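*Asks:* Our numbering applies: residue 200 is where the sequence shown begins, and numbers increase by one.
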Amino acid sequence: PGGRVTFLDFGLVKRFTADEVRVFHDMIDTMVLDHDPAAFRRVIEGVGLLKAGEPFSDREVEDYFGHFYEFVLEDRVTTIDEAYASETVRQVFDLTGPHGDIMKAANVPPSFVIIQRINLGLYAVLGELRATANWRRIAEEIWPFVEAPPASPMGERISEWRSEQR
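Spelled out as structure tokens, the structure:
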């Protein structure tokens, strides 16, 4: 209707290894939970996303990569809108922007390419919906290493279901 087309990709399957999951865990710990830009940088250098010794300050690295964590950094209600989704695309692809040098120096590991693909599509949908929530609390209910209580109706239902399975 209205000249719009929707594409669903049911064929994409990726099973992350324990090591890949550990890297994502460490990135979340250092950028979001501990807010330690130097430690975050060590994590991404360790996985090869950024070579050690690149001439960027930890603050510049945080400014670039922090965008991808922006809506989970604080415990507050935020809206993911079309502007955020568009800015995310620019953060990934616009080499002429303010972070172009970091982007040119970055080497995206294969498992991160899948995450980029998932996130770009997800943010586009959430932006179109102007999805509003306390994304930090929702993230903490999903992140298995945080073990936060449910923060959403779906989280409550999942918690109830898990209790019934025991």
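Backbone N, C-alpha and C fix where the C-beta goes; we use that ideal spot for every residue, glycine too. Only a predicted model underlies this, so the values are computations on that prediction, with no experimental measurement involved.
Near leucine 294, what residues of its chain come up, given a Cβ to Cβ distance below 8 Å and the 5 sequence neighbours on each side ignored?
*Replies:* Met302 and Lys303
*Asks:* Per DSSP, what kind of secondary structure is threonine 277 in: helix, strand or coil?
*Replies:* In the structure shown, threonine 277 sits in a strand (DSSP, three-state: E or B).
*Asks:* Distance check for aspartate 228 and arginine 245, CA to CA, integer angstroms please.
*Replies:* Note that residue 245 is glycine in the sequence shown, not arginine. When rounded, the distance between both Cα atoms is 15 Å.
*Asks:* Considering only residues of the same chain and omitting the five flanking positions on each side of glutamate 273, which have a CB-CB separation below 8 Å?
*Replies:* Arg335
*Asks:* So what does alanine 330 bridge to, in DSSP terms?
*Replies:* Beta-bridge pairing links alanine 330 to Ile279.
*Asks:* Can you tell which of Glu253, Asn318 and Arg365 has its C-alpha closest to the C-alpha of leucine 270?
*Replies:* One point to set straight first is that residue 270 is phenylalanine, not leucine, in the sequence displayed. Comparing Cα-Cα distances from phenylalanine 270 to each of Glu253, Asn318 and Arg365, the minimum goes to Asn318.
*Asks:* With distances taken Cα to Cα, identify the nearest neighbour of proline 352 among Ile337, Ser362 and Phe344.
*Replies:* Ile337
*Asks:* Whole-angstrom Cβ separation of phenylalanine 239 and serine 310, contact assumed at under 8 Å?
*Replies:* Not a contact, Cβ separation roughly 17 Å.
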